[in-house]
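Numbering-wise (my numbering), the sequence shown opens with residue 12 and increments by one. Read through the structure below, which is laid out as structure tokens, and then see the notes.
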Amino acid sequence: MGGNETDKLALLAIKAQIKRDPLNVTSSWNESIHFCFWYGVTCSRRHHQRVTMLDLRSQNLAGFLSPNIGNLSFLRELRLQNNSFSHEIPPQIGHLHRLQVLRLHNNSFTGYIPNNISYCSNLIFMNIGANRLVGKIPSEFGSLSKLRRFILQINNLTGELPPSLGNLSSLEVLAVSLNKLVGSIPTSLGQLKKLTFLSFGSNNLSGTIPPSIYNLSALNFFYVEINKIRGSLPSDLGNTLPNLQIFSIAANQFFGSLPLSLSNATNLRVIQVPENKLTGQVPDLRKLHNLQRFIIADNHLGSGADGDLSFFSDLTNDTELINLSIEGNNFGGTLPASISNLSTKLQLFWFHRNQIRGSIPRDIGNLVKLESLGMWGNSFTGSIPSEIEKMSSLGELDISMNALSGSIPASFGNLTKLYRLYLRGNNLEGVIPSSLGNCQRLILLDLSNNELSGAIPQQVFGLPSLSQFLNLSRNHFTGSLPME
């Protein structure tokens, strides 16, 4: 049988196992036209009538992948991503010695990863993420010396990371997040000098980060969040990883201080280190002009004393900042005046669960792009600044559990995008401003545990969106409830 006939029969066998084809993409796969012109099929110009690419991505196909795929011996690219293929990945893929690109992600493949994919010695790109694969990562894959991108994330893989992955000398992307991997990160991965993207997040990894990993100077993206990794961060981290753009170690067991050298990684866009055991002072980050997200919540970076928030003046240089999350750190002192000079692009600013005292600066209203402002559980006194009304994009405001007094600003009625407003547990007095009835998106209003009085305005009580949550308890309201 000629090679081209073999390819045609292999394609027909593949079609036979496709059980759902709502877009009829394989309807052209019949004798009326040559198979090289079938939808998704590309043939070689050099090797007469041999299939070099099969591209059926994003066609809502369902069924399973026929073992006959292994008969397309000239195949260089297999692109079946974004469908609903199920059952196991056929081990016959290991017969495709010319294969360079394997894209099977976003399907429902089950079972183990076939070991003999390691025979595809020309593989450059392999993405089998977002499936339902189980078992271990085959150690045999360490022989794929041409592999640049290796993506296994969002599966149910178990076992340890094989040390043999350190032999993938061409590797640029290694993504195994959102699996069930255990054990420690192999020291051998420090040999991957071309690695730019490392993602181990959301597994059950433990131990410490091997020092050799911190010497991968090409790294742009470093994700190890939501594991059980411990240890301290090296003091020269910003020098040895100068190209870092995203640094995420959230929800682990890191201790010690944030390295001062972080400011030398001037391309940093995201520093995400919450839910660890970090201590010491927040380093000077004024050189990080590209910083967009600085998330240090739930550590031990504050002493409860004045000066804890002096780093705010450094952050005023970070004009791209959109997310600043420093809650749960025992920060003390007062909010510095420099808060008004933070990035005008800031969208989320959370500093709740600290020991910050004094008044809320009126210039906080300069943060006009804020969408979420959380400052509950501090010791703020004085009144709520009416300047908050300038935050026209504000959707969520939480100033609960402080010692604020005075009245609720009537200007809050101008916050028409507000959908959650928490003011509970203060010493607020006066009436509920009827202007809050202008906040037509409000789904949650909690004014409980204050000293509010007077009648409950119909304009507020009648908001249909408030049927989800309204708490006015433990105040001094008079009169009857408004009629709906």
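Glycine residues also receive a C-beta, built at the ideal position from the N, C-alpha and C atoms. Fair warning: this is a prediction, and the values are worked out from it, not measured in the lab.
Quick check: the Cα distance between L312 and S446, rounded to an integer number of angstroms? 40 Å
Where do the ends of the alpha helix (DSSP H) carrying D325 lie? F323 to L326
Which residue marks the beginning of the beta strand (DSSP E) containing T251, and which one marks its end? Per DSSP, T251 belongs to no beta strand (DSSP E); it is in the alpha helix (DSSP H), L248 to T251.
Rounded to whole angstroms, what is the Cα-Cα separation between L255 and F96? 36 Å
For the candidate residues N377, A262 and T330, whose alpha-carbon lies nearest to that of S217? A262
Indicate whether the contact test is met: 3 or more Cβ pairs, each with one atom in the stretch 432 to 441 and one in the stretch 460 to 468, closer than 8 Å. yes
Relative to the C-alpha of L179, which candidate in S195, K205, T169 and L168 has its C-alpha closest? K205
Can you grab the Cα-Cα spacing for the pair N93 / P372, in whole Å? 50 Å
Going by the CB atoms, is the gap between R143 and F161 shorter than 8 Å? no
Neighbourhood of K298 by C-beta distance below 6 Å, restricted to the same chain and skipping five residues each side: S274 and T277
DSSP three-state label for G424, please. helix
Please name the residue, chosen from G473, P468 and I454, that lies closest to F480 on a Cα-to-Cα basis. I454
From V281, G153, S383 and P102, pick the residue whose C-alpha is nearest to that of S404; which is it? S383
Enumerate in chain order the residues of its own chain whose CB-to-CB distance from S228 is below 6 Å, with the five nearest sequence positions on each side excluded. none
Taking buried to mean at least 16 other C-beta atoms within 10 Å of its own C-beta, is N71 buried or exposed? exposed
What does a CB cutoff of less than 6 Å around M12 pick up in its chain, not counting 5 residues either side in sequence? Note on M12: pLDDT 46, under 50, position unreliable in the model; the coordinate value appears next. Taken in chain order, the list of residues that qualify is empty.
Taking 8 Å as the cut-off, decide whether the C-beta atoms of S416 and E398 are in contact. no
By DSSP, does T17 sit in helix, in strand, or in coil? helix
Using CA atoms only, rank isn't needed, just tell me which of T290, Q264, S213 and R159 is closest to N167. S213
Determine the direct distance from the alpha carbon of N82 to that of T17, and round the result to whole angstroms. 7 Å
Bridge partner(s) assigned by DSSP for R160: F136 and V184
With DSSP as the reference, label L498 as helix, strand or coil. Any answer about residue 498 is impossible in this case: the structure gives the chain only from 12 up to 495.
To which residues does DSSP link M64 through a beta bridge? T53 and E88
Residue range of the beta strand (DSSP E) that F266 falls in? Q264 to G267
Which of helix, strand or coil DSSP assigns to M12: Residue confidence for M12 is low, a pLDDT of 46 falling below 50, so the modelled location carries little weight and cannot support an answer.
Considering only C-alpha positions, which residue in the set D247, G490 and F305 is nearest to N226? D247
For V293, report the span of its beta strand (DSSP E) as first-last. Run containing V293: none; DSSP gives neither H nor E here.
Measure from the alpha carbon of L86 to the alpha carbon of each residue in L65, N79 and N118, then state which is nearest. L65
Rounded C-alpha distance that separates V52 from E99: 23 Å
Three-state secondary structure (DSSP) at S97? strand
If you drop the 5 nearest sequence neighbours on each side, which residues of the same chain put their C-beta closer than 8 Å to that of R241? S217, G218, T219, N263, Q264, F265 and F266
Run of the alpha helix (DSSP H) containing F472, from where it starts to where it stops: Q469 to F472
Would L269 be called buried (16 or more neighbouring beta carbons within 10 Å of its own) or exposed? buried
Using only alpha-carbon positions, find the residue among L429, L353, H45 and R452 that is nearest to Q60. H45
With burial defined as no fewer than 16 other Cβ atoms inside 10 Å of the residue's Cβ, what is the status of S188: buried or exposed? buried
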